[in-house]
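Just so you know, we're using our numbering here: the sequence shown kicks off at 532 and counts up by one. Using N, Cα and C, we set each Cβ at its ideal position, and we do this for glycine too. Take a look at the structure below.
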Amino acid sequence: MKPKILIIYSTTDGHTLRICDRLMHVMAQQDCQVQVLPLAQATSADLAGCDCIVVGASIRYGKHQPAVAQFIESHLNILTQKNGAFFTVNIVARKPEKNRPDTNPYMLKFLRQITWRPRLLGVFAGKLDYPRYGFIDRLMIRLIMLITHGPTDPKAVIEFTDWAQVEDFGRQVCALAGQPTSAPGGAMAVPRRCCQTSCCSSSCEGPRSGLL
Ligand SMILES: Cc1cc2nc3c(=O)[nH]c(=O)nc-3n(C[C@H](O)[C@H](O)[C@H](O)COP(=O)(O)O)c2cc1C
């Protein structure tokens, strides 16, 4: 029987949904059955009816939408009974030194916030779309980009996403979906390392800054 995968997403400008669509495409090629649902529409019955659950969410001003952690915590019981994966989408991840689960500040922060331990983690660089943003958002992002040596042209539309990396993640989820449900202790541990190499000790509380 084809493994059933449920992808639940949280997006503001739609790029995370595009990533989900690409994942769905790859997973269908791997002979998995896939459903993609916005977080606000996913029910306990949807979760119960699948073999593997993927949650994907984007970052805005340093945070995933609060509804993401709330959803995870309120469905923790069912999530821990299934194979699971989580991915985050943000612009910081355009930097090679911040594009892995153990080096991306938002992933590290989020894992400290939730008790779910998905077996697979992904970090994808998002999209910058200045013309789409309102005045204040454009100004703020340009300012942060100026400080962090990123693109500041107000006409710039740049997709930083590595689609091959997204597809590879999709294949890994399919492999996971075919495995027996995660045993206690088999889940991914919270990475202890943070994005700042000078701050990588076992007592590390996480990165000090998630600047774009
Ligand atoms: C107003 C605004 C604030 C953002 N804040 C951050 C941020 O704090 N850190 C970051 O890495 N990316 C930030 N981003 C970049 C988004 O995470 C990126 O554009 C992503 O692709 C958005 O995905 P979505 O379209 O699914 O919401 C921000 C984007 C906008 C428009």
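Notebook entry, point to check: For Lys-640, is the beta carbon positioned less than 8 angstroms from some heavy atom of ligand 1?
Noted result: Position 109 of the sequence shown, counting from 1, holds the residue named residue 640. For Lys-640, the shortest separation between its Cβ and any heavy atom of ligand 1 does not lie below 8 angstroms.
Margin query: In whole angstroms, give me the CA-to-CA distance for Cys-726 and Lys-640.
Written below: Here residue 726 refers to the residue found at position 195 of the sequence shown. Here residue 640 refers to the residue found at position 109 of the sequence shown. At Cys-726 the pLDDT is 36, less than 50, meaning the model places this residue with poor confidence; the figure from the coordinates comes in the next sentence. Roughly 11 angstroms between the two C-alpha positions.
Checklist line | DSSP state of Ile-678 mapped onto helix, strand, coil | finding: Against the sequence shown, residue 678 aligns to sequence position 147. Helix.
Margin query: Nearer than 8 angstroms: is that true of the beta carbon of Ser-605 relative to any heavy atom of ligand 1?
Written below: Reading the sequence shown from its first residue, position 74 is the one you call residue 605. No; taking the cut-off as 8 angstroms, the Cβ of Ser-605 has no heavy atom of ligand 1 nearer than that.
Check: Roughly how far, in whole angstroms, is the beta-carbon of Arg-625 from the beta-carbon of Phe-691, given that I think they are within contact range, below 8 angstroms?
Finding: Looking up residue 625 in the sequence shown gives position 94. Looking up residue 691 in the sequence shown gives position 160. In this structure Arg-625 touches Phe-691 by the C-beta definition: roughly 4 angstroms separates them, less than 8 angstroms.
Margin query: So, at 6 angstroms on beta carbons, what are the nonlocal neighbours of Val-586 in its own chain, with the 5 sequence-adjacent residues on each side left out?
Written below: As a first step, residue 586 must be located in the sequence shown, where it is residue number 55. Short of 6 angstroms from the beta carbon of Val-586, and not among the five residues preceding or following it, lie these beta carbons of its own chain, in chain order: Ile-539, Phe-617.
Margin query: For Lys-533, which residues in the same chain have their Cβ closer than 8 angstroms to its Cβ, ignoring the five residues on either side in sequence?
Written below: In the sequence shown, the residue the question calls residue 533 occupies position 2. Around Lys-533, the same chain offers Asp-562, Cys-563, Gln-564 as residues with beta carbons nearer than 8 angstroms, after the five sequence neighbours per side are excluded.
Margin query: As a quick exercise: from Thr-542, Asp-633, Gln-560, Thr-543, pick the residue whose alpha carbon is nearest that of Gly-481.
Written below: The first residue shown for the chain is 532 and the last is 743, placing residue 481 beyond what the model contains.
Next item on the list: Out of Leu-554, Val-557, Asp-544, Ile-584, point me to the one whose CA is closest to Ile-536's CA.
Entry: Along the sequence shown, read from residue 1 onward, the residue named residue 536 stands at position 5. Nearest of Leu-554, Val-557, Asp-544, Ile-584 to Ile-536, Cα basis: Ile-584.
Margin query: Once DSSP output is grouped into helix, strand and coil, what is the label at Leu-743?
Written below: Counting from one through the sequence shown, the residue named residue 743 turns up at place 212. Taken through DSSP and simplified to helix, strand or coil, Leu-743 comes out as coil.
Margin query: Quick check: is any heavy atom of ligand 1 less than 8 angstroms from the C-beta of Asp-668?
Written below: Translated into positions along the sequence shown, residue 668 becomes position 137. Within the cutoff, so yes.
Item checked: Selection from Cys-551, Asp-544, Thr-542, Arg-650 that minimises the alpha carbon distance to Gln-696 -> Taking the sequence shown and counting its residues from 1, one reaches residue 696 at position 165. Ranking the options by Cα distance to Gln-696, first place goes to Cys-551.
Notebook entry, point to check: Residues in its own chain within less than 6 angstroms of Met-590 by CB, not counting five upstream and five downstream?
Noted result: Position 59 of the sequence shown, counted from the first residue, corresponds to residue 590. Sequence inspection shows Ile at residue 590; the Met mentioned does not correspond to that position. For Ile-590, where only same-chain residues beyond five positions count, the Cβ hits under 6 angstroms are Asn-621, Tyr-637.
Notebook entry, point to check: Helix, strand or coil: which one does DSSP assign to Gln-644?
Noted result: Residue 644 sits at position 113 when you count from the first residue of the sequence shown. Gln-644 falls in the helix class under three-state DSSP.
Notebook entry, point to check: Which one or two residues does DSSP pair with Asn-621 in a beta bridge?
Noted result: Here the question's residue 621 lines up with position 90 in the sequence shown. Asn-621 is bridged to Ala-656.
Checklist line | Alpha carbon of Leu-651 to alpha carbon of Arg-631, nearest angstrom | finding: Within the sequence shown, the letter at position 120 stands for residue 651. Within the sequence shown, the letter at position 100 stands for residue 631. Rounded to the nearest angstrom, the two C-alpha atoms are 12 angstroms apart.
Item checked: Met-676: CB within 8 angstroms of a non-hydrogen atom of ligand 1 -> For the purposes of this step, residue 676 is taken as the residue at position 145 of the sequence shown. Not under cutoff, so the answer is no.
Next item on the list: Take the Cβ of His-680 as the centre, count every other Cβ of all protein chains shown within 10 Å, and call the residue buried at 16 or more, exposed below.
Entry: As a first step, residue 680 must be located in the sequence shown, where it is residue number 149. Result: exposed.
Notebook entry, point to check: With DSSP run on the structure shown, which of helix, strand or coil describes His-556?
Noted result: Residue 556 sits at position 25 when you count from the first residue of the sequence shown. Here His-556 sits in helix by DSSP.
Item checked: Pro-632, DSSP secondary structure in three states -> As a position in the sequence shown, residue 632 is number 101, starting the count at 1. If DSSP states are grouped into helix, strand and coil, Pro-632 belongs with coil.
Margin query: Less than 9 angstroms between the C-beta atoms of Val-623 and Asn-614, yes or no?
Written below: To locate residue 623, count along the sequence shown from 1; it is residue 92. To locate residue 614, count along the sequence shown from 1; it is residue 83. Against a cut-off of 9 angstroms, the Cβ pair of Asn-614 and Val-623 comes out as no contact.
Next item on the list: Compute the beta-carbon to beta-carbon distance between Leu-607 and Thr-646, rounded to the nearest angstrom, for a pair I have assumed lies under 8 angstroms.
Entry: The count along the sequence shown starts at 1 and reaches residue 607 at position 76. The count along the sequence shown starts at 1 and reaches residue 646 at position 115. The Cβ separation is near 6 angstroms, so the contact holds.
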